[in-house]
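Enquirer: There's a structure below that I have some questions on.
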Ligand code: NAD
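In this note's numbering, the protein residues as written are 2 to 694.
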């Protein structure tokens, strides 16, 4: 549709050539780079010294200066876009938020609103070109423009709820004014992203095009050749307060299920704002500013922002080049298939071996499904599938920089597999096991080179669980651990470095929680009450449901392994668990475990139970984290919190288990553990490591 190209200055950025009009971004240390061409002004956002634009105070102030000039000397049109290959903008720069008082925040927001209001009021057509992601404040800049061109692959979203906030630079009234307000609210309440096609369907993007046709699309808009639905058509239905009240009630009950108000106040505050001011943008604007500044002060937002930075720290650990191009995965079962598919999707060449052919075939279908879930285009999907090669004969072993073993959890079998690798592996290649309960020190003797042998403990399902434990035994070379951490970064997972301890960190901490739930069931407490108590604490699901999801056979195996390897009192392994496993009722995968899964995922909702129910489950998890810190299994309190949040979903709004412990008070926890020990036995003895916290 937009084929003509009128000799633009293209910025050559490797594979991505961004149409930036007359602007050559990147020079100097200003955020916005301005150029005028055929009376169209181009404003290109390209912050110095960073690969991703973030909307900071400086960006807004510099934009104000540009708007000043545009008001004085209006062009035929204004084009706003990013000069960074990575995308438009990742949202507000939240680093400075912590040091700001509520009043300072309100002042800053007011200044930002003023600039965006002036941008929105410019008389010339204003066009925002979005490639990659336009998130949070980035999207708010795009919404202040008249038109949005989405380059294929672009995405739009308001992730603020994930930080305990809602949009704060006008998103709460500009988005519902543009698209169907219920869709707008859903986007803001869930923090989900609308990818290109969805964005067009919603009316968020007016034009979708390829990068090479951006200039033509701009010209078509300026020449008034693009038809679009009248923005805001659907908004009128909600000008009636009664219509909003009805819709708000539905939103509240849906939101309450996923984000209870006590734990996550932000989405509820947003619904209140919209219900009250949804027909009055000016009132909504003032209310948005006050509400945002108030939310910034909540414990939930502080903790969620902390979690965001913990995630950044783990990402930073894996940022450098990993030097791993070719990966061979052994075992195409539940884990191996996902690891192979995910690594191929993220750009690695992967060969995948198994003693059976069927799982290899299934892996290709699985990979296709993951590509779809990840919104890959058909070309990207084809390329990912091309990189994934079933390899029953193991030809890939000799070429692999990294071999990931994901064979069944039996030491003999794993050792046999390792022995067969001697003389076949390439010089310098790394062998990593995905074992969850065997000790590396017991397996390393069979590895071709113990120094280049380590653990790479992924969680199930790999495509959804971000954390990977990078496990070293006494003899693992530093360089191997570094490269494995970078490999995790390269495939967009979060590495946490741990040592070869029974259960490593995550399973060591999680297992007593699951086992205590089973002890409680043995005592006659209903499973629904147990699960509901954990959910009320803030866990994404209860321990009984989680055990069924993990697989009761796997739970039993890990429980037995920890009980035999740890020099600690553990909850007794439940007879009921053994019986279930013997009967083949291994949980979700079998259709039946503690719950009946034939009718879908259970949603336990039952109040009550013993008064110490929650502490009996949660405090042993904290106690085990403290033990892991004392034993140097994990490097720091922050890494412990991040690992437990990203591997188990530990109540993010509490900031992680150790942060929760500190907030509640170490003395209070010690007292409670003593009390639980008196009532229920030595498995509650406080770890000596609490003294160091
Ligand atoms: P699985 O039983 O689903 O798959 C194992 C696969 O290995 C099967 O396809 C099997 O045919 C194949 N296999 C058997 N012998 C082989 C051999 N000699 N060479 C090549 N392939 C062989 O097992 P899984 O659940 O994927 O577990 C694999 C590993 O991952 C285990 O060490 C397990 O502890 C660990 N793990 C599992 C989970 C989980 O939730 N399932 C989570 C984390 C780690």
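We put the beta carbon where it would ideally sit given N, CA and C, even for glycine.
1. For residue 681, I'd like the list of residues in its chain whose CB is within less than 6 angstroms of its CB, leaving aside the five on either flank, ordered along the chain.
2. Below 8 angstroms on the Cβ atoms is my guess for residue 431 versus residue 399; work out the distance and round it to an integer in Å.
3. Using the DSSP secondary-structure output, state which residues sit across from residue 286 in a beta bridge.
4. If I'm right that residue 298 touches residue 58 with Cβ under 8 angstroms, what's the distance once you round it to whole angstroms?
5. The ligand NAD and residue 362: does any heavy atom of the ligand fall closer than 7 angstroms to the residue's C-beta?
6. For residue 163, which residues in the same chain have their Cβ closer than 7 angstroms to its Cβ, ignoring the five residues on either side in sequence?
7. Please state whether DSSP places residue 8 in a helix, a strand or coil.
8. Within 10 Å of its beta-carbon, does residue 307 have 16 or more other beta-carbons around it, so buried, or fewer, so exposed?
9. With 8 angstroms set as the bound, which would you pick, yes or no: does the beta-carbon of residue 115 sit closer than that to a beta-carbon of chain D?
10. Can you tell me the Cα-Cα spacing of residue 382 and residue 202, whole angstroms?
11. Is the Cβ-Cβ distance between residue 575 and residue 294 less than 8 angstroms?
12. Which residue comes first and which comes last in the beta strand (DSSP E) that contains residue 364?
13. Decide yes or no for the touch test of the stretch 577 to 595 against the stretch 615 to 630: beta carbon pairs closer than 8 angstroms, at least 3 of them.
14. Helix, strand or coil for residue 466, going by three-state DSSP, please let me know.
15. Got a sec: does the ligand NAD put a non-hydrogen atom nearer than 7 angstroms to the Cβ of residue 357?
16. Give me whichever residues DSSP pairs with residue 350 in a beta bridge.
17. Drop a sphere of 10 angstroms on the beta-carbon of residue 505, count the other beta-carbons inside from all chains shown, and report buried for 16 or more, exposed for fewer.
18. Buried or exposed for residue 227, please, with buried defined as at least 16 other CB atoms from any protein chain shown within 10 angstroms of its CB.
19. Can you tell me where the alpha helix (DSSP H) with residue 674 in it begins and where it stops?
20. On the criterion of 16 or more Cβ atoms from any shown chain inside 10 Å, does residue 470 qualify as buried, or is it exposed?
21. Please confirm whether any heavy atom of the ligand NAD lies closer than 7 angstroms to the CB of residue 624.
22. Within a Cβ cutoff of 8 angstroms, which residues of the same chain sit near residue 233, ignoring the five residues on either side of it in sequence?
23. Who pairs with residue 1 in a beta bridge, going by DSSP?
24. Would the beta-carbon of residue 403 fall within 8 angstroms of that of residue 328?
25. What's the gap between the Cα of residue 249 and the Cα of residue 276?
26. Which of the three DSSP states is assigned to residue 35 in this structure?
27. Any heavy atom of the ligand NAD within a distance shorter than 7 angstroms of the CB on residue 562?
28. Would the beta-carbon of residue 437 be found less than 7 angstroms away from any heavy atom of the ligand NAD?
29. If you follow the beta strand (DSSP E) that residue 406 is part of, which residue opens it and which one closes it?
30. Nearest-angstrom Cα distance between residue 510 and residue 554?
31. From this set, 67, 84 and 77, which residue's C-alpha is nearest residue 55's C-alpha?
32. Would the beta-carbon of residue 333 be found less than 7 angstroms away from any heavy atom of the ligand MN?
33. I want to check one thing, is the minimum distance from the CB of residue 408 to the heavy atoms of the ligand NAD below 7 angstroms?
34. Is residue 459 a contact residue of the ligand NAD, with contact defined as CB to any heavy atom under 7 angstroms?
35. Would the C-beta of residue 414 count as close to the ligand NAD, meaning under 7 angstroms from any of its heavy atoms?
36. If you count every other CB in all the chains shown that lies within 10 Å of the CB of residue 341, and 16 or more means buried, which is it?
Expert: This is what the structure holds:
1. No residues qualify anywhere along the chain.
2. The pair is not a contact, with the Cβ atoms about 14 angstroms apart (cut-off 8 angstroms).
3. Partner(s): none; residue 286 has no beta bridge.
4. For residue 298 against residue 58, the beta-carbon gap comes to about 19 angstroms, at or over 8 angstroms, which does not count as contact.
5. no
6. Taking C-beta separations shorter than 7 angstroms and ignoring five residues to either side along the sequence, the partners of residue 163 in its chain run 192 and 305, following chain order.
7. Caution is warranted here: a pLDDT of 33 is assigned to residue 8, below 50, making its placement in the model unreliable, and no coordinate value can be reported.
8. buried
9. This model lacks chain D altogether; it includes just one protein chain.
10. 23 angstroms
11. Against a cut-off of 8 angstroms, the Cβ pair of residue 294 and residue 575 comes out as no contact.
12. DSSP places residue 364 in no beta strand (DSSP E) but in the uninterrupted alpha helix (DSSP H) bounded by 359 to 374.
13. no
14. coil
15. With a threshold of 7 angstroms, the Cβ atom of residue 357 counts as near the ligand NAD, since some heavy atom of the ligand is closer than that.
16. 327
17. buried
18. exposed
19. 667 to 681
20. buried
21. no
22. 178 and 179.
23. The question about residue 1 has no answer here: the residues shown for the chain are numbered 2 through 694.
24. yes
25. CA-CA distance, residue 249 to residue 276, rounds to 6 angstroms.
26. strand
27. no
28. yes
29. 403 to 406
30. 18 angstroms
31. By alpha-carbon distance to residue 55, the top candidate from 67, 84 and 77 is 84.
32. In the structure shown, the ligand MN is absent; the only ligands present are the ligand NAD.
33. Yes, the ligand NAD has a heavy atom inside 7 angstroms of this Cβ.
34. yes
35. yes
36. Here residue 341 is buried. Its C-beta has 16 or more other C-beta atoms within 10 Å.
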